[in-house]
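Contents: one structure, followed by commentary.
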Amino acid sequence: MAKSTKNSKATKAALDAAAESAKDAKKLAKTLPKKDAKKMRSLADEAKDASSAPKKAIKRDPKKVVGRAIGAIAAIAAAAGKAKGKAQSRRASAPADSRGDRDVSRRASAKAAVNAEAEKVRTAENTKAKKPAAKAESTPARKPDDLSSLTVAQLKERAQKEGHTGYSRCTKAQLVDLLSR
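To convert, note that position 79 of the sequence shown is 84 in our numbering; the numbers rise steadily by one, no gaps.
And the structure:
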């Protein structure tokens with residue numbers, strides 16, 4: 006049995022997430038007004054096409070396949086957010102649909118998983134391309150004192166840039182600890 010590489014795992018995760026997102030978008034389209042539903046169905050079709058990439062394309066350029074799948078997921082999530090916002094403004098007094106919230110959060114978590122896998126692949130490729138000596142020089146040691154002088158918003162922004170997850174609920178001390186590692 007062939008051994009899976011990081012690229013193939015990231016690509017598979019992206020394709021699975023795009024397929025799941027396409028299914029969710031089709032379900033959501035049934036509950037939307039006609040104009041929004043039409044757009045959602047077209048986005049679902051794009052995501053379905055992205056999820057059914059041929060093996061040759063995956064082998065030839067996995068980054069391109071992952072990028073296309075992530076783009077399709079992001080487009081669906083954005084359209085779902087807009088449609089949900091419109092629906093909530095129309096029915097401000099009605100309770101939110103908990104099933105729709107779960108679908109959106111499932112897509113968001115799938116997108117996060119895909120982004121994490123893609124980031125691992127990118128960093129693995131970048132470390133192979135760089136020289137080890139240049140890497141050691143380019144990463145200066147951080148002092149916790151420097152981080153503690155920043156605001157919580159600045160610390161969260163820095164955590165986002167570095168690719169950390171779960172930082173949004175952290176206190177300032179926790180953020181400083183997370184970034185100083």
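Think of the CB as a built atom: it goes at the ideal place given N, C-alpha and C, for glycine as much as any other residue.
Because the structure is a prediction, the values reported are computed rather than measured.
Presumed contact (8 Å Cβ cut-off) between residue i and residue j, rounded CB distance
i, j, result
"Leu20", "Ala74", "6 Å"
"Leu155", "Tyr172", "At roughly 13 Å, the Cβ-Cβ gap does not stay under 8 Å, so Leu155 and Tyr172 are not in contact."
"Val201", "Ala62", "The chain is shown from 6 up to 186; residue 201 falls before or after that span and cannot be answered."
"Ala82", "Met45", "Rounded, the Cβ-Cβ distance is 11 Å, inconsistent with contact."
Counted within 10 angstroms of its Cβ, other Cβ atoms place residue i as buried (16 or more) or exposed
i, result
"Ala84", "buried"
"Ala49", "buried"
"Ser153", "exposed"
"Thr176", "exposed"
"Ala22", "buried"
"Pro67", "buried"
"Asp151", "exposed"
"Val181", "buried"
"Thr16", "buried"
"Val157", "exposed"
"Ser26", "buried"
"Ala55", "buried"
First through last residue of the alpha helix (DSSP H) which encompasses residue i
i, result
"Glu25", "Lys11 to Ala34"
"Leu155", "Taken as a continuous stretch (DSSP letters only), Leu155 belongs to no alpha helix (DSSP H), as it is neither H nor E."
"Arg174", "Here Arg174 belongs to no alpha helix (DSSP H), and DSSP marks it neither H nor E."
"Ser56", "Lys39 to Ser56"
"Arg65", "Lys60 to Arg65"
Handout entry: Sufficient close CB pairs (3 or more, under 8 Å) joining the region 50-57 to the region 25-34
Key = yes
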